[in-house]
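Asker: Going line by line, the protein sequences match chains A and B. Residue numbering for the first sequence follows this note's numbering, starting at 1237 and increasing by one per position. Residue numbering for the second sequence follows this note's numbering, starting at 380 and increasing by one per position. Glycine included, each C-beta is placed from N, C-alpha and C at the ideal position.
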Amino acid sequence: MNRKVDLKKERFLNISIFCDYAQWYKFISTYIPSFLKKNSGIEDYFFSISKERGSHIRLTIIASNSQATELVLKIDTYLKKCISKIGASDTKNLIPENGIYLDFAPNTIHYGVYDFDHTNLRLQKELTTLLIYIFQHYERNTVSNLVEIFIDLFFIFYKSPLLTKESSVKLFEKLLESEYDNLDRGLLTEVKRTNEADFAENKENLISFIDQDAYKIGEMEPFQKQWLNIINNFKKWDKEKRTDQEEYLMQSVCDLFDFDYRITAYYLFVSALKA
Amino acid sequence: MLKKFKISFCTVCMNRLEHLKKTLPKNIKDTMTYGNFEFVVLDYNSKDGLEEWIMAEMSQYMVSGKLIYIKTTVPQYFLRSHSKNVAAKSATGDIICNVDADNYIGEGFADYINQEFKEHQNIYLTVPRNIGKKDCYGRICVFREDFMAITGYDESMTDYGFEDFDLLNRLELLGRKARYFSNSQFLQVLNHADVTRIENEPNMHTIDQIYLRYINHYSSELLYLFKNGMFCRGRIILNRLVNSESVYNAFIENRKFLYPTRVQNDCWVKGGYIKSDDGIILKTKNKQILFTPMSSRKIQNQKGEVFYKRVEKEDFQTWVMFFSQMSNRIKMEKNKERKTIRVNDIFGEIKSIKNRA
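(1) Helix, strand or coil for residue 384 of chain B, going by three-state DSSP, please let me know.
(2) Assuming contact is defined by CB atoms lying nearer than 9 Å, are residue 1403 of chain A and residue 1468 of chain A in contact in what I supplied?
(3) Quick one: any contact between the stretch 1273–1283 of chain A and the stretch 1291–1300 of chain A, if contact means 3 or more CB pairs under 8 Å?
(4) Taking the alpha-carbon positions, what's the residue 576 of chain B to residue 1318 of chain A distance?
(5) How about residue 395 of chain B: is its C-beta nearer than 9 Å to some C-beta of chain A?
(6) Where does residue 557 of chain B sit, in a helix, a strand or coil, going by DSSP?
(7) Answer yes or no: do residue 1508 of chain A and residue 1383 of chain A have a C-beta to C-beta separation smaller than 9 Å?
(8) Whole angstroms are fine: how far does the CA of residue 573 of chain B sit from the CA of residue 497 of chain B?
(9) With 9 Å as the limit, tell me which residues of the stretch 600–631 of chain B have their beta carbon closer than that to any beta carbon of chain A; keep them in chain order.
(10) From the DSSP secondary-structure annotation, give me the bridge partner or partners of residue 588 of chain B.
(11) So residue 1340 of chain A contacts chain B; which residues on that side make the cut at Cβ distance below 7 Å?
(12) Can you name, in chain order, every residue of its own chain whose Cβ lies under 8 Å from the Cβ of residue 1365 of chain A, other than the five neighbours on each side?
(13) CA-CA distance, residue 517 of chain B and residue 480 of chain B?
(14) Any C-beta of chain A sitting closer than 9 Å to the C-beta of residue 638 of chain B?
(15) Return the residue from the list B:537, B:555, B:578, B:565 that minimises the CA-CA distance to residue 512 of chain B.
(16) Out of B:473, B:447, B:460, B:493, which has the shortest C-alpha to C-alpha gap to residue 412 of chain B?
(17) What residues of chain B sit near residue 1280 of chain A, judged by a beta carbon separation below 9 Å?
(18) Quick one: is residue 1289 of chain A buried, meaning 16 or more other Cβ sit within 10 Å of its Cβ, or exposed?
(19) Nearest chain A C-beta to residue 440 of chain B closer than 9 Å, yes or no?
(20) What does residue 1312 of chain A reach in chain B if we use C-beta pairs closer than 7 Å?
(21) Of all Cβ atoms in chain D, is any one closer than 9 Å to the Cβ of residue 680 of chain B?
(22) Secondary structure at residue 549 of chain B, three-state DSSP: helix, strand or coil?
(23) Note down, in chain order, each residue of its chain lying with its Cβ closer than 8 Å to the Cβ of residue 501 of chain B, except the 5 sequence neighbours on either side.
(24) If I measure Cβ to Cβ from residue 643 of chain B and keep anything under 8 Å in the same chain, skipping five residues before and after, which residues do I get?
(25) What are the partner residues of residue 674 of chain B, as DSSP defines its beta bridges?
(26) Which residues of the stretch 690–708 of chain B have a Cβ closer than 8 Å to any Cβ of chain A? Give them in chain order.
(27) For the beta strand (DSSP E) containing residue 641 of chain B, name the first residue and the last one.
(28) If distances are taken between C-alpha atoms only, which option among B:423, B:455, B:705, B:416 comes closest to residue 471 of chain B?
(29) Leaving aside the five residues before and after residue 1388 of chain A along the sequence, list all residues of the same chain whose C-beta is less than 6 Å from its C-beta, in chain order.
(30) Assign residue 1417 of chain A to one of three DSSP states: helix, strand, or coil.
(31) Taking the beta strand (DSSP E) that residue 1386 of chain A falls in, what are its first and last residues?
(32) Using beta carbons (cut-off 9 Å, strictly below), is residue 633 of chain B in contact with chain A?
(33) Would you mind giving the Cβ-Cβ distance between residue 1349 of chain A and residue 623 of chain B, rounded to the nearest angstrom? I have them listed as a contact below 8 Å.
(34) Can you list the residues of chain B that residue 1336 of chain A reaches, using a CB-CB cut of under 7 Å?
(35) Should the stretch 706–723 of chain B be called in touch with the stretch 522–533 of chain B, which here means at least 3 C-beta pairs below 8 Å?
(36) What does the alpha-carbon distance come out to for the pair residue 440 of chain B and residue 526 of chain B?
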């Protein structure tokens, strides 16, 4: 069941931890879970990662109203200690390409920067668990392996009873088209050319990967099991009963990782399906 | 039966023929059954064939008195407030309703206006701000005598933004109360790019260069150089992030702001500038600041602070629009603070106006 949030009794504390993405796994797998376990007054918590205005982790804590201030002061002290543990960050150019303000400085903590979308808390919660498991599995290599990770997630979805080969092709083509729609003509041509080259280079591996049988439950990694759990249940968590639930799920999981290369992943996957 | 109010629907245009071709005939047809109305179209020196189109396609409405077409060939640029005042002063109705060229008013809107003004006293009609219909914010219906009492739109607001909110504020100061309408049938619009809102306005043509200096994650400095040798500079601030390093910013009540951004001290620093062999020298009453070129896209001041030139067309337009909006917002806030009701000494005046009716 989706939990009900009583905004009078509970507070959403939105915390942004700006640090190099190579350090994300330490916060997501170790530092933050350790804090969350040891402290009371935390009703729930959610993670996502983002590169918007500097690479950072978004941590939303739902806290009881009475303990929110104490909790946020505690976590501030704790996170600053963690930041000092990871050491100095590479000094990066903080000037955005076309932005209005400098990016946030690395190794800083900020509050109230974003608004948390609480329309489907249950899905958000399960996706948070997925994110933690993926970071636990891939550790510091998570970000550099995102295309492979996502193709793995797509494969599990494709092999689930929810989709057939035809409906998978339709779904991923639709997702791909909606991404193409966001690009201007010049960039679109370049992206399509790169996608084609990437596919040509990886065609055989991709086709043999997709042609294999579905994973056996007993052999699945925790993150793969968690993803399967989400696939099997996400429709019943969707109280809005969207007509495009599959698309919504795929976009939600891509957004969870602020996945830049989704266009490549969609293309590679759908091309391998059609080959 | 009570006599119906005469309603004047006023539309001002500078090179918006493509919009008007779609909206005006439909708007007139949708109002026909009401009877007691006129459409006033002010052609603010359009160069896109508006006059020819009106004469060829809309003359039957001019003959019947349902369309008043007036034209001026004087203005070089589109002056938003001034043009609306000219149109309103040419109107003969009891009620003036501004209709932007991209707006459809819908069937039954005139009856709705009449009914509202019959049933309620001391009112004006407007669109609520929370329904995501910003293209209809200009749709304001007001008694002609109230419009005249507040001297119409503030003509010091030459460019885009906030001139309609300012009008509403001053109607409130006059003792009028808002009645809101949100019926979607009255609020249909044509979609178009933002740039069409500002492409004929003075700032779009008089701003020569725009520079941006990055300060931190919540503030940057803007420098506008005008073709006439004047400059405006100011620090813009993203309100929500000013205290983002404080844990107290986690609580929504500590980051509630009327507007997401502001210009520091609510004013632009103004002065003149000259270009010399060494670079650009900004001059104010008390000091001079030299900016030396670092490259074709960067200049720096004596403190070594780097200013980046905004060169991409869309980016430039965005900053022009920002300047227009911020400048008008500052004026609006001043009018509100000083409780100013009448903002213009003279208003809606223009030479060489031709009424083609």
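Answerer: Taking the structure as given:
(1) Taking the second sequence and counting its residues from 1, one reaches residue 384 of chain B at position 5. The answer is coil: DSSP assigns residue 384 of chain B none of H, G, I, E or B.
(2) The count along the first sequence starts at 1 and reaches residue 1403 of chain A at position 167. The count along the first sequence starts at 1 and reaches residue 1468 of chain A at position 232. Cβ distance not < 9 Å, so residue 1403 of chain A and residue 1468 of chain A don't count as in contact.
(3) yes
(4) Here residue 576 of chain B refers to the residue found at position 197 of the second sequence. Here residue 1318 of chain A refers to the residue found at position 82 of the first sequence. The straight-line gap from Cα to Cα measures roughly 50 Å.
(5) Locating residue 395 of chain B in the second sequence gives position 16, counting from the first residue. Output row for residue 395 of chain B: interface = no.
(6) For this step, residue 557 of chain B is matched to residue 178 along the second sequence. Strand at residue 557 of chain B.
(7) On the first sequence, position 272 is the one that residue 1508 of chain A refers to. On the first sequence, position 147 is the one that residue 1383 of chain A refers to. No, the pair does not count as a contact, with Cβ atoms beyond the cut-off.
(8) On the second sequence, position 118 is the one that residue 497 of chain B refers to. On the second sequence, position 194 is the one that residue 573 of chain B refers to. Taking the straight line joining both Cα atoms gives about 37 Å.
(9) 615, 617, 619, 620, 622, 623, 624, 625, 626, 627, 628, 629, 630, 631
(10) For this step, residue 588 of chain B is matched to residue 209 along the second sequence. Note: residue 588 of chain B sits in a beta bridge opposite B:604.
(11) Numbered from its first residue, the first sequence carries residue 1340 of chain A at position 104. Residues of chain B with a Cβ closer than 7 Å to the Cβ of residue 1340 of chain A are, in chain order, 596.
(12) Position 129 of the first sequence, counted from the start, is the residue given in the question as residue 1365 of chain A. Closer than 8 Å at Cβ, skipping near neighbours: 1462.
(13) Position 138 of the second sequence, counted from the first residue, corresponds to residue 517 of chain B. Position 101 of the second sequence, counted from the first residue, corresponds to residue 480 of chain B. Looking at the two C-alpha atoms, the distance is approximately 10 Å.
(14) Here residue 638 of chain B corresponds to residue number 259 of the second sequence, with the count starting at 1. Chain A, which has no Cβ nearer than 9 Å to the Cβ of residue 638 of chain B, makes this no.
(15) Position 133 of the second sequence, counted from the first residue, corresponds to residue 512 of chain B. Closest option to residue 512 of chain B, Cα to Cα, is B:565.
(16) Along the second sequence, one-based indexing puts residue 412 of chain B at 33. It is B:493 whose Cα lies nearest to the Cα of residue 412 of chain B.
(17) Against the first sequence, residue 1280 of chain A aligns to sequence position 44. The contacting residues do not exist; residue 1280 of chain A stays about 15 Å from chain B at best.
(18) Mapped onto the first sequence, residue 1289 of chain A falls at position 53. Buried is the call here.
(19) Sequence index remark: in the second sequence, residue 440 of chain B carries index 61 (1-based). No - not a single Cβ of chain A is within 9 Å of the one on residue 440 of chain B.
(20) Sequence index remark: in the first sequence, residue 1312 of chain A carries index 76 (1-based). By Cβ distance, chain B contributes 626.
(21) You won't find chain D in this structure, because its protein chains are A and B.
(22) Position 170 of the second sequence, counted from the first residue, corresponds to residue 549 of chain B. Correct three-state label for residue 549 of chain B: helix.
(23) Along the second sequence, one-based indexing puts residue 501 of chain B at 122. Around residue 501 of chain B: 554, 555, 556.
(24) Position 264 of the second sequence holds residue 643 of chain B. Answer for residue 643 of chain B: 598, 613, 614, 615, 616, listed in chain order.
(25) Counted from its first residue, the second sequence places residue 674 of chain B at position 295. Partner(s): B:677.
(26) 691, 694
(27) As a first step, residue 641 of chain B must be located in the second sequence, where it is residue number 262. It spans 640–642 - the beta strand (DSSP E) in which residue 641 of chain B sits, taken as one unbroken run.
(28) For the purposes of this step, residue 471 of chain B is taken as residue 92 along the second sequence, with counting starting at 1. Here the closest residue by C-alpha is B:416.
(29) As a working mapping, residue 1388 of chain A is identified with position 152 in the first sequence. Same-chain partners within the cutoff: there are none.
(30) Residue numbering aside, residue 1417 of chain A sits at position 181 when the first sequence is read from its first letter. Residue 1417 of chain A falls in the coil class under three-state DSSP.
(31) As a working note, residue 1386 of chain A is residue 150 in the first sequence. Judged by DSSP secondary structure, residue 1386 of chain A falls outside any beta strand (DSSP E) and instead within the alpha helix (DSSP H) spanning 1382–1395.
(32) In the second sequence, residue 633 of chain B corresponds to position 254, counting from 1. Yes, residue 633 of chain B counts as interfacial toward chain A.
(33) As a working note, residue 1349 of chain A is residue 113 in the first sequence. As a working note, residue 623 of chain B is residue 244 in the second sequence. Right, their Cβ atoms sit about 6 Å apart.
(34) As a first step, residue 1336 of chain A is located in the first sequence; it is residue number 100 there, counting from the start. By Cβ distance, chain B contributes 599.
(35) yes
(36) Taking the first residue of the second sequence as position 1, residue 440 of chain B is located at position 61. Taking the first residue of the second sequence as position 1, residue 526 of chain B is located at position 147. Roughly 26 Å separates the two Cα atoms.
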